[in-house]
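Below is one structure; the comments refer to it alone.
There are 2 protein chains.
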Amino acid sequence: MLELTASQALGLWHSVSLQQVRLDGRDLSLRQLAILLEIYLVPPPHTVRGLAARLGVTKPVITRALDTMGELGLVTRERDERDRRNVVIKRTINGALYLEKLGDLIIAQGRALTP
Amino acid sequence: MLELTASQALGLWHSVSLQQVRLDGRDLSLRQLAILLEIYLVPPPHTVRGLAARLGVTKPVITRALDTMGELGLVTRERDERDRRNVVIKRTINGALYLEKLGDLIIAQGRALTP
DNA sequence: CCGCATCGATACGATAGCGTAACGAAATTG
DNA sequence: CAATTTCGTTACGCTATCGTATCGATGCGG
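Dropping the structure here:
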């Protein structure tokens, strides 16, 4: 439970977006970031189909995002041995670190807010 | 000044990103959103050059983003009559409404946080 | 004036993402 | 087992954005 004023809310988004653009060359899209956060903040297992439904997008969108973020080392894929049609998305150290930095950035910018 | 825990920070970003992807078809990139917030939250005047420096990106990035967001009615451009080399970026009703909705979304998701 | 700097826009080739449709592999069903 | 469903991926054509380089227009300084 977190009470925010309109000024605080947009101010926070502003400063964090700004720093994210300036500091992080990876330039993840909003969709990619949403997928990444979903994978790391919601209990597994995560599948392509499940993520697609959750975000309200088509499956190729998820596949592509996983391709890209996989190359960046932010996630991994493994076949589900119990049902080999499925692919289970796994977290990585790199991904956890990436989100930890994002969290630190949000906290820092929240602290620096002058409402 | 806003005190956030790591869980709150990422949880907030998660839920807002998720809703933004689900509800807003416009799908602004992080760069575009950062530009938009800069225009609306920082006192004018705003120029292409200034925004480029502020975000740490090249000028064509700003021009393209303004093209796109202009078509969406989120910003407008006007030549600066005092120095006709400059272009001054103006806010629009539509843009203000868009950010107001975003603010509402952030506030609502902050309120719904279960830390 | 006339060079020179500055501004935003444009051209260019390359890359990434999109939605729709179809595919192969694997599981389920009757 | 054959037929069907389910799952993730790939193919396709299209659009948007990227970075670099350059452009035309405008202002400025000697």
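Residue numbers (full-length UniProt numbering), protein chains in the order written: chain Z, 1 to 115; chain U, 1 to 115. C-beta atoms are modelled at their ideal positions from N, C-alpha and C, and glycine is treated no differently.
Name the two residues that bound the continuous beta strand (DSSP E) containing residue i.
i, result
"U:THR76", "75-79"
May I ask you to list the residues that DSSP assigns as paired with residue i?
i, result
"residue 146 of chain Z", "What is shown of chain Z runs 1 to 115, which leaves residue 146 of chain Z out entirely."
Can you give me the start and stop residues for the alpha helix (DSSP H) that residue i sits inside?
i, result
"Z:VAL87", "That residue, Z:VAL87, is in no alpha helix (DSSP H); its beta strand (DSSP E) goes 87-91."
"U:ASP67", "59-71"
Select from the options the residue whose C-alpha is nearest the C-alpha of residue i.
i, options, result
"Z:ILE93", "Z:SER7, Z:ARG111 and Z:GLY70", "Z:GLY70"
"U:ALA65", "U:ARG22, U:LEU37, U:LEU23 and U:VAL42", "U:LEU37"
"Z:ILE86", "Z:LEU4, Z:THR63 and Z:TYR40", "At residue 86 of chain Z the sequence reads Asn, which differs from the Ile that was named. Comparing Cα-Cα distances from Z:ASN86 to each of Z:LEU4, Z:THR63 and Z:TYR40, the minimum goes to Z:THR63."
"U:ASP83", "U:PRO45, U:ASP67, U:LYS101 and U:ALA34", "U:PRO45"
"Z:LEU33", "U:GLY73, U:HIS14 and U:THR47", "U:HIS14"
"residue 122 of chain Z", "Z:LEU102, Z:VAL48 and Z:LEU4", "Because chain Z spans 1 through 115 in this model, residue 122 of chain Z falls outside it and cannot be assessed."
"U:LEU72", "U:GLY95, U:VAL57, U:LEU23 and U:ASP80", "U:GLY95"
"Z:VAL57", "U:THR68, U:GLU100, U:THR58 and U:GLY25", "U:GLY25"
"U:TYR98", "U:LEU74, U:GLU81 and U:ASP80", "U:LEU74"
Taking the CB atoms as reference points, tell me whether residue i and residue j lie closer together than 8 Å.
i, j, result
"U:HIS12", "U:LEU113", "Reading the sequence as shown, one finds Leu at residue 12 of chain U and not His. Yes, the Cβ-Cβ distance between U:LEU12 and U:LEU113 is below 8 Å."
"Z:ASP27", "U:LEU30", "yes"
"U:GLY41", "Z:LEU10", "Reading the sequence as shown, one finds Leu at residue 41 of chain U and not Gly. Result yes, Cβ atoms of U:LEU41 and Z:LEU10 sit closer than 8 Å."
"U:GLN109", "U:GLN8", "no"
"U:ARG111", "U:ILE39", "no"
"Z:ILE106", "Z:VAL16", "yes"
"Z:VAL21", "U:LEU55", "yes"
"U:ILE35", "U:LEU51", "yes"
Does DSSP put residue i in a helix, in a strand, or in coil?
i, result
"U:VAL42", "coil"
"U:SER17", "helix"
"Z:SER7", "helix"
"U:ALA112", "coil"
"Z:ARG26", "coil"
"U:ARG84", "coil"
"U:LEU36", "helix"
"residue 141 of chain U", "Past the edges of chain U, shown from 1 to 115, lies residue 141 of chain U, and the structure says nothing about it."
"U:GLY56", "coil"
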